[in-house]
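The structure appears right after this line, and notes come after that.
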Amino acid sequence: MTDDLMVALARAAGLDKALEKFPADVRAAYEQARRTAGAVAAPDNPTAEPWPPMQAGPNL
Amino acid sequence: MTDPHWLSITEIGAAYAAKKLSPVELTTHLLARIERLQPKLHAFITIDAEGAMAAARTAEAELAAGRTRGKLHGVPVGLKDIIDVAGLRTTAHSRVLIDNVATSDAVVTAKLRGAGAIILGKLATHEFAIGGPSHDLPWPAARNPWNPDHHPGGSSSGSGAGLAGGLFPMALGSDTGGSVRNPASACGIVGLKPTYGLVSRCGVFPLSFTLDHVGPMTRTVADNALLLDTIAGHDPADPGSAATGTRAFGRELGLGVAGLRIGFVRHFHERDMPAHPEVTAALEHTARVLEATGALVETTTLPDLNEFSAVNRVILTAEAWAIHATWLREQPENYGQLARQRLLPGAFIPAGDYVNAQRRRLTMIAQVNEALRKYDVLMCASSMDPASNIHDEPETSRTYPRQARTPFNVTGHPALAMCAGFSSGGLPLSVQFVGRFFDDARVLRVAEALERGTEWHKRRAPVG
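For the protein sequence lines, the chains are A and B, in the order given. Reminder that position 60 of the first sequence reads as 60 in our numbering, one-by-one numbering, no gaps. Reminder that position 203 of the second sequence reads as 1203 in our numbering, one-by-one numbering, no gaps.
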């Protein structure tokens, strides 16, 4: 299941060539991303703003 | 006179003024040294001897005519090979850009030219500033002049190696997760990641828009301030450029640390990521030196180092993926394995994780600001270990990520790494100082006080 998911996500990201030529590297990247996923907790306040904020104005 | 290749920027200017040395003589000397040591140190990707000598002749003529451009006039410099120099390749140490010739100067390059600096060439880097010491790239990895079997840190590896090896007196690097401060730590030189936005990123190949900084690298703190003076400044073409007129970054040099409050973030290297005992000893020695010269050093706390690292990792990999996605899809074979493995994770990171990292970053900025309301400067570890043997892949993989630099890419505060001693194996150990936004001058002041209180910066790598 995990392999199927990894392959599906890689193909969805357009990584067919990398999957074919460097499957071990794609797997390593997938596993690194899985370890990273959820490493940063969502804030308790769902309305918390990210940084930097959107801006408007003549200098943009 | 000191050997020309070990002269500082200030000493070069004095030698030129006293007519004991000329730009052509110095450049000729350095190019010969570079040619001799390149097979050992691999610091360069492109050596522009012709361009450098032409610039040296111009500088010499201008100085002889009394038309001085400032402190960097006639001073040679190396640029990390992600920084554009018109007419030279910007390869990012990668097959992907092996034939890429820059058509215009990066903003920092143009500023150096305007100041009369002499561009020697383009320096080795980790592939696209992320890969790591790699052996499957078109050019070899740079080596550490203190022991060429060891890595010189990175990703600004050639910059660090060249400075410690006496190939040039100043260099530019970039710093996204520590890449100016890592080679500064490994090579025993001075590397500053300035406040975010102080130095333009235009013409510098990006790794992460949120985290990228261009920074000065030198052998002394005073030189670092001089180089920062030249490259800093608002650039309206850089969306992240700070609208600040801050200048004269050396204005506090010589004032010492008497009366300054320094917050020592011990938990980074004692609890969060336990350091090599010799690193810990060097950090404690640094604290004692600063206390002996009048600083008040107290333990303080910030968020856990591993949480900072996670935020940095999510933001960096997501943004780097966006930059490299097309190439990774079309030509993954033109990347080295390390860069490929480090750039691909971004394809799998959920968008919500990226937003949460940017949310957490805001609170982390506030927490570091809060600490800097109580302290003039923070002090902490840079690298947790001395540089490993470049051929020992398991040890390099284990130690390379062990560092406390990424917090200040996340927050954007100015952070400087410098030598704090030497290991029993003769490799540099390091310390890091962090300041308030746009208070880079205060960080340099504390660094210079340490430099004067120790003899580390006077040691020379036994590279020949």
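Note that beta-carbon positions come from the ideal geometry of N, C-alpha and C, so glycine has one too.
Outcome for residue i when other beta-carbon atoms lying within 10 angstroms are tallied against a minimum of 16
i         : result
GLU1284/B : exposed
LYS1071/B : buried
ARG944/B  : Because residue 944/B is not part of the residues shown, which for chain B are 1001 to 1464, the question remains open.
GLU1319/B : buried
THR1176/B : buried
MET54/A   : exposed
THR1326/B : exposed
ALA1117/B : buried
THR47/A   : exposed
GLY1078/B : buried
HIS1391/B : exposed
HIS1135/B : exposed
ARG1067/B : exposed
PRO1394/B : exposed
ALA1225/B : buried
Sequence-distant residues of the same chain with beta carbon closer than 8 Å to residue i, five excluded per side
i         : result
LEU1137/B : HIS1093, SER1094, ARG1095, GLU1127, GLY1131, GLY1336
ILE1047/B : LEU1031, ILE1034, GLU1035, GLN1038, LEU1120, GLY1121
VAL26/A   : MET6, ALA10, LEU15, ALA18, LEU19
GLY1534/B : Coverage of chain B is limited to positions 1001 through 1464, which leaves residue 1534/B absent and any answer about it impossible.
VAL1024/B : MET1053, ALA1056, ARG1057, GLU1060
Residue from the options with nearest C-alpha to residue i
i         : options                                    : result
ALA1115/B : LEU1123/B, VAL1075/B, PRO1345/B            : VAL1075/B
ASP1105/B : TYR1354/B, VAL1085/B, ALA1117/B            : VAL1085/B
ALA1186/B : ALA1295/B, ALA1141/B, SER1388/B, ALA1102/B : SER1388/B
GLN1099/B : THR1109/B, VAL1108/B, LEU1088/B            : Sequence check: residue 1099/B is Asp here, not Gln. Nearest option by C-alpha distance: LEU1088/B.
THR1280/B : ALA1381/B, GLU1050/B, ALA1049/B            : ALA1381/B
HIS1005/B : LYS1019/B, THR1028/B, ALA1017/B            : THR1028/B
ARG1405/B : ARG1329/B, GLY1421/B, TYR1354/B, ALA1310/B : ALA1310/B
GLY1245/B : LEU1378/B, GLY1233/B, GLY1256/B            : GLY1233/B
VAL1214/B : GLU1278/B, ALA1129/B, LEU1255/B            : ALA1129/B
LEU1328/B : ALA39/A, TYR30/A, ALA13/A                  : ALA13/A
ASP44/A   : GLY1426/B, ARG1360/B, ALA1222/B            : ARG1360/B
CYS1202/B : ASN1224/B, LEU1226/B, THR1109/B            : THR1109/B
ALA1124/B : VAL1107/B, SER1179/B, LEU1211/B, GLY1426/B : SER1179/B
ALA1357/B : THR47/A, ALA39/A, ALA24/A                  : ALA39/A
THR1399/B : ALA1275/B, HIS1457/B, ALA1371/B            : ALA1275/B
LEU1372/B : GLU1050/B, GLU1330/B, THR1299/B, ILE1012/B : THR1299/B
Neighbourhood of residue i by C-beta distance below 7 Å, restricted to the same chain and skipping five residues each side
i         : result
LYS1111/B : THR1230, ILE1231
THR1091/B : ILE1045, ASP1081, LEU1097, ILE1098, ASN1100
THR1317/B : PRO1345, GLY1346, ILE1349
PHE1268/B : LEU1305, CYS1380, ALA1381, ALA1404
GLY1259/B : GLY1294
PHE1308/B : MET1364, THR1406, PRO1407, VAL1410
ALA1043/B : LEU1123, ALA1124, ALA1142, GLY1158, ALA1161, GLY1162, GLY1165, LEU1167
SER1208/B : THR1176, ILE1315, LEU1316, GLU1319, ALA1320
Sequence-distant residues of its chain with Cβ nearer than 6 Å to residue i (five each side left out)
i         : result
LEU1416/B : LEU1192, PHE1433, VAL1443, ALA1447
THR1411/B : MET1364, ILE1365, VAL1368
MET1273/B : LEU1305, MET1384, ARG1402
LEU1021/B : ALA1015
LYS1040/B : PRO1148
ASP3/A    : none
PRO1414/B : PRO1194, THR1195, GLY1435, ASP1440, VAL1443
Rounded separation between residue i and residue j - CA only
i         : j         : result
MET1/A    : ARG1313/B : In this predicted model, MET1/A has a pLDDT of only 45, less than 50, meaning its place in the structure is not dependable enough to derive any value.
PRO1216/B : THR1301/B : 28 Å
VAL1204/B : ALA1248/B : 24 Å
ASP1235/B : ARG34/A   : 38 Å
ARG1288/B : LEU1172/B : 31 Å
ALA1056/B : GLU1451/B : 31 Å
ARG1143/B : TYR1375/B : 37 Å
LEU1253/B : ALA1441/B : 8 Å
ASP1003/B : GLY1166/B : 10 Å
PRO1133/B : MET1418/B : 21 Å
THR1396/B : LEU1378/B : 28 Å
PRO52/A   : ILE1262/B : 29 Å
GLY1162/B : THR1218/B : 10 Å
SER1424/B : PRO1462/B : 15 Å
ILE1009/B : PRO1386/B : 28 Å
VAL1472/B : LEU1211/B : Residue 1472/B lies beyond the residue range present for chain B, which begins at 1001 and ends at 1464; the question has no answer from this structure.
HIS1457/B : PRO1277/B : 22 Å
GLY1158/B : ALA1449/B : 27 Å
GLY1426/B : ARG1460/B : 11 Å
GLY1256/B : GLU1455/B : 16 Å
ALA8/A    : TYR30/A   : 11 Å
GLN1331/B : ALA24/A   : 16 Å
Exercise. Does the segment 1334-1349 of chain B come within contact of the segment 1266-1285 of chain B, defined as at least 3 CB pairs closer than 8 Å?
Worked result: They do not touch, by the three-pair rule.
Problem set entry | Any 3 or more C-beta pairs closer than 8 Å across the segment 1231-1244 of chain B and the segment 1189-1198 of chain B | Using a C-beta cut-off of 8 Å, the segment 1231-1244 of chain B makes contact with the segment 1189-1198 of chain B, since at least three inter-stretch Cβ pairs fall below that distance.
For this session: Report yes or no: do the segment 1140-1155 of chain B and the segment 1045-1065 of chain B share at least 3 C-beta pairs separated by less than 8 Å?
Result: No, the segment 1140-1155 of chain B does not touch the segment 1045-1065 of chain B.
Problem set entry | Contact set between the segment 1300-1311 of chain B and chain E, restricted to residues whose Cβ is under 9 Å from the partner | Checking the listed chains, one finds no chain E in this structure; the protein chains it contains are A and B.
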